[in-house]
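Per the UniProt record's numbering, the very first residue in the sequence shown carries number 1; after that it's consecutive.
Cβ atoms here follow ideal geometry from the backbone N, Cα and C, with glycine treated the same way.
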Amino acid sequence: MTKPSDTKPIDRPVPRAGVLDIAAYVPGKSKATGGTKLYKLSSNETPLGPSPKAIEAYRAAADNLEFYPDGSASALRAAIAEAHGIKAERIICGAGSDEILNLIAHAYIGPGDEAIYTQHGFLVYPIAIRASGGIPVVAPEKDFTTYVDAIIDRVSEKTRVVFVANPNNPTGTYVPFSEIRRLHAALPPRVLLVLDAAYAEYVRRNDYESGIELVGQSSNVVMARTFSKIHGLAALRIGWMYGPPEVVDALNRIRGPFNVSAPAIAAGAAALSDRAHVESAVAHNEEWLPRVTYALEGLGLQVTPSVANFVLIHFPGTKGKTAAEADDYLLSHGIVLRRVASYGLPDALRMTIGTAEANEATIAALRHFMHGAG
Ligand SMILES: *Cc1c(COP(=O)(O)O)cnc(C)c1O
1 MTKPSDTKPI DRPVPRAGVL DIAAYVPGKS KATGGTKLYK LSSNETPLGP
51 SPKAIEAYRA AADNLEFYPD GSASALRAAI AEAHGIKAER IICGAGSDEI
101 LNLIAHAYIG PGDEAIYTQH GFLVYPIAIR ASGGIPVVAP EKDFTTYVDA
151 IIDRVSEKTR VVFVANPNNP TGTYVPFSEI RRLHAALPPR VLLVLDAAYA
201 EYVRRNDYES GIELVGQSSN VVMARTFSKI HGLAALRIGW MYGPPEVVDA
251 LNRIRGPFNV SAPAIAAGAA ALSDRAHVES AVAHNEEWLP RVTYALEGLG
301 LQVTPSVANF VLIHFPGTKG KTAAEADDYL LSHGIVLRRV ASYGLPDALR
351 MTIGTAEANE ATIAALRHFM HGAG
């Protein structure tokens with residue numbers, strides 16, 4: 001790359017400050033190098049697929065593709081409002097919650113502003129912060145878990161937004177809602193607290209809340225959600241945010257006028273109507289999350305306790321037993337996990353809870369990797 005110099009004018013368009021500091025997001029792999037069957041456990045997708053009702057609604061939408069979608073996604077917002085007992089006017093939908101997170105950054109972070117996220121937090125946050133010209137400020141975690149005091153310590157005059165994924169990806173850990181309330185209480189009212197609850201449906205803990213109540217009570221808290229995970233609609237790109245009217249209004253001003261497609265609106269609303277499908281997904285995870293964790297620990301691997309639909313597996317890191325070597329070995333057997341070195345976790349892999357067959361295959365392959373044929 002050529003460096004802009006003072007003497008020679010630059011003869012091509014140059015992105016504004018910050019853009020070229022961004023390391024582009026690298027999604028989980030979707031191909032293996034060997035094996036007869038592919039087990040894709042790299043992107044926290046559901047092994048159950050979407051509700052048949054959602055697929056049907058998606059197909060029906062194919063009959064009317066010449067028409068623009070409803071720009072305010074009314075049917076989808078109404079379905080979300082009903083399912084969660086909240087007001088439709090306080091909901092905005094987006095092309096995945098990735099878009100929502102980016103809209104928040106663009107509306108609330110300007111050049112030189114700071115935004116805080118946690119050490120192993122979701123990588124979309126620093127990308128969105130930098131894309132807005134902002135400065136990402138990293139708060140250390142404790143035991144791979146959000147550490148509220150570290151966030152509070154890093155709030156400055158320049159802080160505009162705090163991003164917290166609860167539960168977090170790729171660690172799978174969560175903080176009790178009392179901690180989120182403590183964080184909120186410590187933030188100046190001008191700081192926007194973004195609660196990213198992409199995995200909320202999977203969490204089975206009495207002290208967990210996704211944040212709906214706190215959003216309802218505050219003027220500086222929003223909650224982001226997605227249809228990509230438990231609803232199995234990642235391909236359609238549907239996310240949403242619940243927030244104060246002023247924040248929803250700001251994002252509505254800068255979003256694309258038709259940012260959610262008609263098939264996505266239809267499929268999302270249908271997915272919400274199928275409670276039984278969501279419950280099956282939760283039940284499958286409740287069965288396999290502890291089984292996978294226990295089996296991997298039995299192989300001598302450390303597994304960070306997860307409340308979501310994936311586990312973070314820590315490898316010994318010694319020669320022959322690194323995460324990269326484990327990944328290569330699994331890929332040669334058709335098993336695709338997620339490398340997480342870019343999250344500051346070079347010795348770990350993230351494994352999505354898959355079908356019974358995929359889980360068993362992964363455990364068997366890792367047994368082989370760790371202990372050989374025996
Ligand atoms: C998967 C995920 C999202 C959302 O993804 P979209 O597909 O863009 O809706 C958001 N936050 C976290 C922490 C995630 O893991």
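Can you tell me whether DSSP reads residue i as helix, strand or coil?
| i | result |
| --- | --- |
| His368 | helix |
| Ala73 | coil |
| Lys142 | strand |
| Pro136 | strand |
| Ile91 | strand |
| Glu114 | strand |
| Val175 | coil |
| Val194 | strand |
| Gly298 | helix |
| Ile356 | Residue 356 is actually Ala in this sequence, not Ile. Correct three-state label for Ala356: helix. |
| Val14 | coil |
| Pro147 | The residue you asked about is not Pro; residue 147 is Tyr in the sequence shown. Residue state, collapsed to three classes: coil. |
| Leu349 | strand |
| Thr322 | coil |
| Arg204 | coil |
| Val222 | strand |
| Gly374 | At Gly374 the pLDDT is 47, less than 50, meaning the model places this residue with poor confidence and gives no usable figure here. |
| Arg160 | strand |
| Leu20 | helix |
| Gln217 | helix |
| Val26 | coil |
| Tyr68 | coil |
| Ala308 | coil |
| Ser342 | helix |
| Ser97 | helix |
| Ala185 | helix |
| Asn44 | coil |
| Ala107 | helix |
| Glu82 | helix |
| Thr33 | coil |
| Arg130 | helix |
| residue 400 | Within the shown structure, residues of the chain are numbered from 1 to 374, placing residue 400 beyond reach of any answer. |
| Val155 | coil |
With DSSP as the reference, please indicate the residues paired to residue i in a beta bridge.
| i | result |
| --- | --- |
| Val303 | Ile313 |
| Tyr39 | Ile335 |
| Ala165 | Asp196 |
I think residue i touches residue j, with their Cβ atoms under 8 Å apart; what is that distance to the nearest whole Å?
| i | j | result |
| --- | --- | --- |
| Leu41 | Ile313 | Their Cβ separation, rounded to whole angstroms, is 11 Å, which puts Leu41 and Ile313 out of contact at 8 Å. |
| Ala198 | Ala165 | 7 Å |
| Ala131 | Asn169 | The pair is not a contact, with the Cβ atoms about 20 Å apart (cut-off 8 Å). |
| Tyr202 | Val124 | Tyr202 to Val124, Cβ: 19 Å. No contact. |
| Ala281 | Tyr58 | About 18 Å; that fails the 8 Å criterion. |
| Ile127 | Tyr25 | 6 Å |
| Val155 | Leu193 | Not a contact, Cβ separation roughly 11 Å. |
| Ala348 | Ala365 | Not really, about 17 Å apart at Cβ, beyond 8 Å. |
| Ile151 | Ile100 | Between Ile100 and Ile151 the Cβ distance is about 21 Å, and since that is not below 8 Å, they are no contact. |
| Asn44 | Ala262 | Between Ala262 and Asn44 the Cβ distance is about 26 Å, and since that is not below 8 Å, they are no contact. |
| Asp207 | Pro176 | 4 Å |
| Arg237 | Ala276 | Incorrect: roughly 25 Å between the Cβ atoms, too far for contact. |
| Thr36 | Phe144 | Incorrect: roughly 35 Å between the Cβ atoms, too far for contact. |
| Pro104 | Tyr242 | The residue asked about is misnamed: residue 104 is Ile in this sequence, not Pro. Incorrect: roughly 12 Å between the Cβ atoms, too far for contact. |
| Arg225 | Ser97 | 6 Å |
| Arg190 | Val148 | Wrong, their Cβ atoms sit about 19 Å apart, outside the cutoff. |
| Leu272 | Ala83 | 5 Å |
Verify the CB distance criterion: does residue i have a CB-CB separation below 8 Å to chain C?
| i | result |
| --- | --- |
| Thr173 | Annotation note: the requested chain C is absent from the structure, which comprises a single protein chain. |
Got a sec: does ligand 2 put a non-hydrogen atom nearer than 7 Å to the Cβ of residue i?
| i | result |
| --- | --- |
| Arg275 | In the structure on display, ligand 2 does not appear, and the ligands it does have are ligand 1. |
message: Can you tell me which residues fall inside 5 Å of ligand 1, judged by beta-carbon distance to its nearest heavy atom, and keep chain order?
response: The set, ordered by position in the chain, is Gly96, Ser97, Asp98, Phe122, Ala165, Asn169, Asp196, Ala198, Thr226, Ser228 and Gly239.
Practice item. Output the residue ranges of the alpha helix (DSSP H) runs that lie fully inside the segment 230 to 297 and measure 4 residues or longer, sorted by chain position. Key: 245 to 254 and 262 to 273
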